[in-house]
Amino acid sequence: MSYQSEYQRALDDPQAFWRDQAANLPWYQAPRQILSKDENGMHRWFADGSMNTAYMALDWHVQQGRGEQLAVIYDSPVSGQKLKLSYADLLEQVALFAGVLKARGVEKGDRVVIYMPMVPEALVAMLAVARLGAIHSVVFGGFAPHELALRIDDAQPKIVVSASCGIEVNKIIEYKPMLDAAIERATHKPQHCIVLAREQAPAQLIPGRDLDWHEAMSDAKAADCVPVQGSDPLYILYTSGTTGKPKGVIRDNGGHAVALKYSMQAIYNMRPGEVFWAASDVGWVVGHSYIVYGPLLAGCTTVLYEGKPVKTPDAGAFWRVVQEYGVKALFAAPTAFRAIKKEDPEARTLARYNLGRLQTIFMAGERLDPPTYDWVVKHTGKPVVDHWWQTETGWAICANPVGIENMPPKPGSATLPVPGFDVQILDGNGQALPPGQQGAIAIKLPLPPGCLPSIWGNHERFCAGYLRDYPGYYCSGDGGYKDNDGYVFIMGRTDDVINVAGHRLSTGEMEEILAAHPAVAECSVIGMQDDLKGQVPVGLVLLKDGVQIDEQQLQDELVVMVRSEIGPIACFQRAIIVQRLPKTRSGKILRKLLRQIADGKDYTVPSTIDDPASLAEIEGLMRQRGLARV
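Residue 37 in the UniProt record's numbering is what sits at position 37 of the sequence shown, and the numbering runs on without skipping anything.
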């Protein structure tokens, strides 16, 4: 079937289309209500189906005689450990840990917060919670106590599962003291904490509340799967909100399983037994969807990597993992490849490895700039798929659906809407814009399976944040355009569009131009307030390793490039060289904070920042160069 015919079928008869996809999963009782509405008037998929996600991901594969197939490959260059778990091994561990939780009172609908590093036990904990019909909320390991406390108060977990520490390059991050501080701050107090002891750091257990993971597992009794309805929540995942209070995105069991199973074939072209590697973290939506659930629902082998793209030990880390485990599809954020490119511009480390079994490289999480796209394609010789999605959707909105039909790529584009997503470009009045015109990217309701039906405990916030701006549509908060072929170009968050003397200009477009300079490894363009023009763009530029160039010379060359590509209308006149850009742990540049610094506004350092010192460094540099209002 061609992409166009599949996309059109999902658009014309979504219930029949998604009924067929649901039939590819082992339900206890297949859903009769494919699409219905809940008490809030929201569309829900497969609400009356009876199922268990952990059963679909583990038990069913073992029952089909595939228990000895590898389920998880754990590779941890930061700890020096490697481990391989078959489906039967993983099922045994999950059933036992579900027994640990059940013995401590966890039942269907209860919440369990998981605050762990990238270790196999994190996957075991997630699947064990799902096995009991409970709801997990994974918090990125190492989040500050204040942020963890906010999530504990919002989810109100019966139990918190954690580890004694996480391991970063050349440093140990002790989790247990931060967990204790978070519980001290939180109004809600979990009944128990189950702590995985790692040899790199001891953990002080509090008698009566805390349990050691290994001791609890030593006498555990395996627990069976608990049936849930398709519309019952599987997990809560918190994403940052404009109010400062995190938003708990809800993911239901039924739609989530159907969407991920479909995506593994349609988007990633994966088959049972093949090796899939999402180089992310279980604390992020990519980790939930494509380290844990997606590959296992599809019967694939998933790689769990506790390391970095560089410095563990070098810029060949990704290529080593791909070769060693025969990875067929690699999925990572563009920032990972920019880090590799910065450290190894000529890709010399790549020559040591054989990528023969790698078929496709997928990127998401931020905009993939064409220079990075071109570099990866040139040096790996592999197709690169830029696809766009959000924590809220749980899987790709736009992609090159290589499992259906491999569409011709266009650098800078996330290719085409995935079957099920009716993507529209709207103006401020909610009217559809013609090809080539930038506007707000919105998705016509109903959203397909797998997308959030609400925000945990606050449906009004869900409506206000996503549905109110364009009635009948989900507002993505991103801006962009479609070309004449229907390809979607994501140009960044709608607040990354700057207004220069009445002209709306995309900072993403300027970043593309700056990144094409041979000296530039990475960059960010922000809009700074200007008394005359309203806003003017400023470039913050990171140089490739080993490159020496005078800042004034580089600025002059970049100004010429922007004038040549966009014109004098861009008013691009300033660029400064920086040592690092402030980013979240998932690799997104904190552009909003950079704008606040430039405009002299108060700002709050977010919990998601990877390197807080980078922010102070940038602020000092911008003030020194006269690029920050006082």
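Glycine is no exception: its CB is placed at the ideal position from the N, C-alpha and C atoms.
Check: Am I right that V384 and V376 are in contact with their C-beta atoms under 8 Å? What's the rounded C-beta distance?; Outcome: 5 Å
Check: Using C-beta distances below 6 Å, list every residue in its chain close to P417, excluding the 5 sequence neighbours before and after it, in chain order.; Outcome: C398 and V423
Check: Does the stretch 471 to 486 come close enough to the stretch 250 to 263 to have 3 or more Cβ pairs within less than 8 Å?; Outcome: no
Check: Can you check which of these residues, A216, P77, V62 and A103, is closest to C300 by C-alpha distance?; Outcome: V62
Check: What first and last residue would you give for the beta strand (DSSP E) that runs through W277?; Outcome: V275 to A278
Check: With three or more beta-carbon pairs closer than 8 Å as the criterion, would you say the stretch 222 to 232 touches the stretch 362 to 377?; Outcome: no
Check: Is F46 helix, strand or coil when you go by DSSP?; Outcome: coil
Check: Between S263, L593 and H188, which lies nearest to G403 when the distance is taken from Cα to Cα?; Outcome: S263
Check: According to the neighbour-count rule (16 or more other Cβ atoms, all chains shown, within 10 Å of its Cβ), is N52 buried or exposed?; Outcome: buried
Check: Keeping to the same chain, check which residues put their C-beta closer than 7 Å to that of R625; ignore five residues upstream and five downstream.; Outcome: I576
Check: DSSP state of S607, grouped into three classes?; Outcome: coil
Check: For V113, write down the residues that DSSP places opposite it in a beta bridge.; Outcome: S137 and V160
Check: Could you tell me whether the stretch 344 to 358 touches the stretch 479 to 498, using the rule of 3 or more Cβ pairs below 8 Å?; Outcome: no
Check: Does Q8 come out as helix, strand or coil in the three-state DSSP assignment?; Outcome: helix
Check: Is L543 near A521, with beta carbons less than 8 Å apart?; Outcome: yes
Check: Can you list, in chain order, the residues of its chain with a C-beta nearer than 6 Å to that of A339? Leave out the 5 residues immediately preceding and following it.; Outcome: P309 and V310
Check: Classify N400 as buried or exposed, calling it buried when 16 or more other Cβ atoms lie within 10 Å of its own Cβ.; Outcome: buried
Check: Could you please give the first and the last residue of the uninterrupted beta strand (DSSP E) stretch that includes A71?; Outcome: L70 to S76
Check: Within 10 angstroms of the Cβ of E512, are there 16 or more other Cβ atoms? Answer buried if so, exposed if not.; Outcome: buried
Check: On the criterion of 16 or more Cβ atoms from any shown chain inside 10 Å, does Y28 qualify as buried, or is it exposed?; Outcome: exposed
Check: Who are the Cβ neighbours of G283 in its own chain at under 7 Å, not counting the five residues just before and after it?; Outcome: V138, V139, F140 and G141
Check: Could you give the distance in angstroms between the alpha-carbon of G67 and the alpha-carbon of A88?; Outcome: 5 Å
Check: What does the alpha-carbon distance come out to for the pair G109 and P227?; Outcome: 11 Å
Check: If we call anything under 8 Å between Cβ atoms a contact, is A440 one with C463?; Outcome: no
Check: Would you tell me roughly how many angstroms separate the C-alpha atoms of S36 and R44, rounded to the nearest one?; Outcome: 5 Å
Check: Cutting at 8 Å between CB atoms, please list the residues of its own chain near W277, excluding the five before and the five after it.; Outcome: T302, V303, Y305, V321, V322, Y325, V327, A329, L330 and F331
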